[in-house]
Each structure stands twice: as C-alpha cells, then as structure tokens.
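Okay, structure first, notes after.
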Amino acid sequence: SQTIHQWPATLVQPVGSPLSLECTVEGTSNPNLYWYRQAAGRGLQLLFYSVGIGQISSEVPQNLSASRPQDRQFILSSKKLLLSDSGFYLCAWGLNHMDRGVQYFGPGTRLTVL
Amino acid sequence: AQSVTQLDSQVPVFEEAPVELRCNYSSSVSVYLFWYVQYPNQGLQLLLKYLSGSTLVKGINGFEAEFNKSQTSFHLRKPSVHISDTAEYFCAVSLFLYNFNKFYFGSGTKLNVKP
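Residue numbers (this note's numbering), protein chains in the order written: chain Z, 1 to 114; chain D, 1 to 115.
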C-alpha cells in the first residue's frame with residue numbers, strides 16, 4: 001500500500017530564516033506530487049505541482065520554491081520567510097491512471113513564522 | 001473556469017440527527033467530484049468520489065453524496081451523525097489537464113456535532 005510522509009510536523013521559524021519542508025511517498029512510482037497551503041479559516045491553495053523528477057510548475061507567484069530531486073521526494077523551500085508564509089502545508093500525491101487522479105494527502109506541517 | 005462553492009462555513013447539529021453539507025460547482029467541461037474530511041491538525045482524508053455511473057455514491061463512515069448534473073451540485077449527507085464526525089469537510093472537483101489532475105477545493109464546512 002502507498003503511504004505519504006511529511007516532516008517536520010510543526011515548525012516555528014523567525015522572519016527572514018530559510019525553510020525546507022520534505023515530503024516522501026512510498027509504495028508507488030512516478031506519482032504526480034502537489035504542495036498546498038491552508039491558511040487559518042481558509043481553503044486549500046495549490047502552490048506547486050510536479051509530474052516528474054525536476055519538473056516543477058508554480059501556481060502562484062510567491063516567496064516559496066519547490067524541487068523534486070527524486071521520483072518520490074518533494075521539497076518546499078524558502079530563502080527568507082515572511083510572516084505571511086505561516087500556515088498548514090500539505091503534500092499530496094496522485095496517479096493519472098488511478099481513480100481519475102484522486103489525490104491522497106500527507107499529515108501536514110504546521111509552520112508558524114514569528 | 002472551474003469553481004467550487006460550499007454554501008455553509010459552519011453547520012452545528014445534535015448527535016444522531018441527520019446532516020447535509022452543500023456543495024455546488026461550476027465548470028464548462030465534465031469534472032470528477034470528491035469529498036474530503038479533515039480532522040484538527042491532520043491531512044485530508046478521502047470520504048467519497050464520483051467518477052461516473054450511479055449518481056448516488058457511498059463513502060466511508062456512513063456518508064453518501066448525490067451528483068446532480070442539472071443543478072451542478074454534489075451534496076454530502078449522513079442520516080445520523082456521531083460526535084466523532086466533528087471535523088471540516090471539503091468538496092472538490094478535478095479537471096484533467098494534459099498530464100495531471102488539477103483539483104479545485106471549496107472553502108470548507110466545519111461540522112460541529114453536539115451531544
């Protein structure tokens with residue numbers, strides 16, 4: 001069976017510090033990978049998606065970047081965090097040929113920028 | 001363009017009562033429909049999905065939803081809720097682009113089940 005991991009679970013960082021959040025998927029190959037942000041009281045905003053190693057697409061211009069160094073690893077980064085980067089970050093995976101690409105979510109990372 | 005509207009941001013209900021969480025969508029093409037549930041400080045868990053076929057779909061935890069194409073709705077229902085159903089529920093539609101499925105999520109409905 002497939003599993004998705006995210007770490008860290010929680011993170012408190014000062015403004016201007018760097019960020020690295022990691023997401024890994026087990027039990028599948030060549031998944032589509034997604035990063036979402038969920039701000040307090042709001043829905044999910046798609047930040048990045050990837051259809052393969054080294055292939056990253058950004059949905060919105062922002063202070064964040066993403067990378068996919070391995071097939072089942074997806075990393076979200078920032079060089080200098082802003083207060084507005086606080087939120088709950090969710091990684092998800094899906095396969096085009098499985099259940100019309102239904103997305104399965106990781107446990108999330110709660111980021112607080114002070 | 002695709003969009004999803006969840007008409008109620010919060011729904012309070014007493015335990016063992018029925019509940020309906022409303023979802024309407026707009027799309028110029030055929031889409032697939034989903035409901036997810038999120039418990040506090042956790043990721044989203046798939047409740048049910050409509051891909052094709054019967055318009056009444058059953059999911060986990062006793063939930064079901066009905067796809068109504070003419071009304072562009074996909075309302076979620078449960079005949080008798082439990083305290084453990086307290087969570088936030090998200091409706092979503094997916095659109096297959098040339099190489100991936102893009103999901104559009106509603107803003108969520110918080111279900112608060114009271115004893």
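Quick reminder that beta carbons are idealized off the backbone N, C-alpha and C, glycines included.
Residue i (DSSP reduced to helix, strand or coil)
i        : result
D/Arg22  : coil
D/Ser54  : coil
Z/Arg116 : It is not possible to answer for residue 116 of chain Z, since the shown part of chain Z is limited to 1 through 114.
Z/Lys83  : Note on identity: in this sequence residue 83 of chain Z is Leu, with Lys being the wrong assignment. Here Z/Leu83 sits in helix by DSSP.
Z/Ser20  : strand
Z/Asn30  : coil
Z/Gly54  : coil
For residue i, the residue or residues it bridges with in DSSP
i        : result
D/Gln6   : D/Gln6 is not bridged to any residue.
Z/Gln6   : Z/Cys23
Z/Thr109 : Z/Tyr89
D/Gly108 : DSSP output for D/Gly108 lists no bridge partner at all.
Z/Gln38  : Z/Leu44 and Z/Phe88
Z/Gln73  : Z/Thr24 and Z/Gln70
Z/Ser78  : Z/Leu19
Z/Gly94  : Z/Asn32
D/Val113 : D/Val13
Below-8 Å beta-carbon distance, residue i vs any chain D residue
i        : result
Z/Val51  : yes
Z/Val102 : yes
Z/Gly108 : yes
Z/Gly32  : Inspection of the sequence shows that residue 32 of chain Z is occupied by Asn rather than by Gly. Cβ-Cβ to chain D under 8 Å: yes for Z/Asn32.
Residue-chain proximity (residue i, chain Z), Cβ-Cβ < 8 Å
i        : result
D/Leu51  : yes
D/Asn68  : no
D/Asn24  : no
D/Asn101 : yes
D/Gly59  : no
D/Tyr39  : no
D/Val43  : Before going on, a small fix: residue 43 of chain D reads as Gly here, not Val. Yes, D/Gly43 counts as interfacial toward chain Z.
D/Phe14  : no
D/Leu48  : no
D/Phe34  : yes
Check your understanding: Given a limit of 8 Å on CB to CB distance, which residues of the region 41-75 of chain Z reach chain D?
Key -> Arg42, Gly43, Leu44, Leu46, Tyr49 and Val51
**Study point:** Within 9 Å of chain Z by C-beta, residues of the region 74-107 of chain D in sequence order
**Key:** Phe90, Ala92, Ser94, Phe96, Asn99, Phe100, Asn101, Lys102, Phe103, Tyr104, Phe105, Gly106 and Ser107
Practice item. Pick out the complete beta strand (DSSP E) segments inside the region 24-106 of chain D, 3 residues or longer, and give them in chain order. Key: 24-26, 32-38, 44-50, 56-58, 64-68, 73-78, 87-96 and 101-105
Review point. Quick one, which residues of the region 83-94 of chain Z are near chain D if we go by CB-CB under 9 Å, in chain order?
Key: Phe88, Leu90, Cys91, Ala92 and Gly94
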